[in-house]
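Chains as they are written, first to last, in the numbering used here: chain A, 11 to 242; chain B, 11 to 242. Think of the CB as a built atom: it goes at the ideal place given N, C-alpha and C, for glycine as much as any other residue.
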DNA sequence: GAACGCATAATCGTATACAATACTGTGGTG
DNA sequence: CACCACAGTATTGTATACGATTATGCGTTC
């Protein structure tokens, strides 16, 4: 079962590839909070050994996307209400100021890329692929940190966005799935105008909207089959 | 070589223990940036297998304390000048506001613990153990985030403090090793007065002092023997 | 004498084997 | 009928073995 592995798959490391696949599955809510991630099962699905799978799961555990329970296995994390609040608290500290920096150093190319991303998000939403739309909506925030030229903050934001995806899966009260799009559009305009103040305010408001659109009182777990969610 | 392992050492997981030992060695500058962390060597030192060591190294890599170079091995990270700036940029966003929250919800017990920590830091410094003093000085910042009751932010601050330790090892220009102590004392007083505004300002200034006390222009690597630094 | 190439050794990457622990179902007993 | 004990099964934790890649040292050649 290592015939194709020596082909050329070893550059970005098999473990990272598996981690990325799982991460995306979680982002798109194909894997829902609480789902069991059996080592043997994943190993078989991707045709690698458990060693690789364990490394990937450890990576995701460090991002708090999966929880490693000793002698029990790996599970998609189920952020508590408290953790949900903390995540958005952290985002409130990091993202508005970062949006300001981004606005100030935004280039035309950056703006185009951002605009293209929003359009893709709209397309996904129109196509009914809300999973992908949600994923792209998160990428938007990460991209801003990248444009602000702050790799360290970008890494934090990336982790927080991932965790937000789990939080949304658990606590989202359905209504106005695209209120975000408006917020993102408004941000783009602020960026176009190089208006740091406005970008900061808009981001602050956007995050506030997000957290208030959650129902942070009760819980709602969901099992779901792993092999099915992974597609094959 | 697993006689003592089944004793009762398995609770906090061997990998985490090794990771903690290495982390502390890095914090206290017994392991300096660029040092090679050979898997076999560490495995032998702690009497565990390479499997455990690899897990520990991966953990540290996620915290950016060590750099994993493919087919080359693990090395203590050498933050670039740019990364150094980014780390303090992130701290500037997170810590002042967190200090304010901490001040507002500080209890007498918290204050006592914090005070005790400062005294211990002074004692270490007086005893000439500057490595431990530096470690405790970092713990002070982490403790504040914990008191603010923000576990998520505390985790970020913890990582940033760790990385700051590496940055100090590389870019510190010796002078006024205890200017920090003054800043920490001033913060304690603000906490005692429940003065959130002052705590936020003091923390902002403290971080600014820290970053300006660095020489962010040149580099200075250092090898050093591993087995020696680990003590046994 | 310097530079290149090859053989050797060391180290990492991955797979697999075995041990330890937790889960499941069955049979018995109160 | 409910509950507990126990055996069997499955899954994770750890160690080790093997293959691949990289570093090193020596000998040859120009």
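- Residue 175/A sits away from residue 226/A, with the two beta carbons spaced by 8 Å or more.
- About 13 Å separates the beta carbons of residue 125/A and residue 154/A, which is beyond the 8 Å limit, so they are not a contact pair.
- Think of a sphere of 8 Å around the beta carbon of residue 166/B: the chain A residues whose beta carbon falls inside it are 100 and 166, in chain order.
- Rounded to whole angstroms, residue 27/A and residue 44/A show a C-alpha spacing of 22 Å.
- Residue range 206 to 222 is occupied by the alpha helix (DSSP H) that includes residue 206/B.
- A buried status is given to residue 39/B, since no fewer than 16 other beta-carbon atoms sit within 10 Å of its beta-carbon.
- In the three-state scheme derived from DSSP, where H, G and I count as helix and E and B as strand, residue 38/A is classed as coil.
- Residues 143 of the same chain have their beta carbon placed closer than 6 Å to that of residue 135/A, with the five preceding and five following residues left out of the count.
- Taking a Cβ-Cβ threshold of 8 Å, the residues of chain B close to residue 97/A are 162, in chain order.
- For residue 148/B, the enclosing alpha helix (DSSP H) has its first and last residue at 140 to 157.
- At a cut-off of 8 Å between beta carbons, residue 103/B contacts chain A.
- Separation of residue 127/B and residue 61/A (C-alpha to C-alpha, rounded to the nearest whole angstrom) is 41 Å.
- Shown here for residue 193/B: same chain residues with a beta carbon closer than 6 Å to its own, the five before and five after excluded, namely 216 in chain order.
- According to the DSSP assignment, residue 55/B belongs to the alpha helix (DSSP H) that extends over 49 to 56.
- The three-state secondary structure of residue 78/B, taken from DSSP, is strand.
- With a 10 Å radius around the Cβ and a threshold of 16 neighbouring Cβ atoms, residue 183/B comes out exposed.
- In the DSSP assignment, residue 45/A falls outside any beta strand (DSSP E) and carries neither an H nor an E.
- The Cβ neighbour count for residue 195/B, taken over all protein chains shown within 10 Å, is under 16; the residue is labelled exposed.
- Annotation for residue 133/A: no beta strand (DSSP E) segment contains it, though the alpha helix (DSSP H) segment containing it runs 118 to 136.
- Taken through DSSP and simplified to helix, strand or coil, residue 84/B comes out as strand.
- Under the three-pair Cβ rule at 8 Å, the segment 79 to 92 of chain A counts as touching the segment 159 to 178 of chain A.
- Residue 25/A and residue 113/A do not touch by the CB rule: their CB atoms are close to 37 Å apart, not below 8 Å.
- Comparing alpha carbon positions, the residue from 103/B, 42/B and 110/B closest to residue 206/B is 110/B.
- With its beta carbon less than 8 Å from one in chain A, residue 68/B belongs to the interface.
- Residue 65/A and residue 204/A have their C-alpha atoms roughly 42 Å apart.
- Contact annotation: in the segment 116 to 142 of chain B, no residue has its CB less than 9 Å from a CB in chain A.
- CA-CA distance, residue 167/A to residue 179/A, rounds to 18 Å.
- Under the Cβ criterion of 8 Å, residue 37/A is not counted among the residues facing chain B.
- In this structure, 202/B is the residue among 23/B, 32/B, 202/B and 218/B with its C-alpha nearest to the C-alpha of residue 119/B.
- For residue 93/A, at least one C-beta of chain B is nearer than 8 Å to its own C-beta.
- Listed along chain B, no residue sits closer than 7 Å to residue 194/A by beta-carbon distance, the nearest being about 22 Å off.
- Counting every other CB atom within 10 Å of its CB across the protein chains shown gives residue 222/A a total below 16, marking it as exposed.
- In terms of CA proximity to residue 68/A, 85/A leads the group 150/A, 85/A, 219/A and 149/A.
- About 14 Å separates the beta carbons of residue 218/A and residue 197/A, which is beyond the 8 Å limit, so they are not a contact pair.
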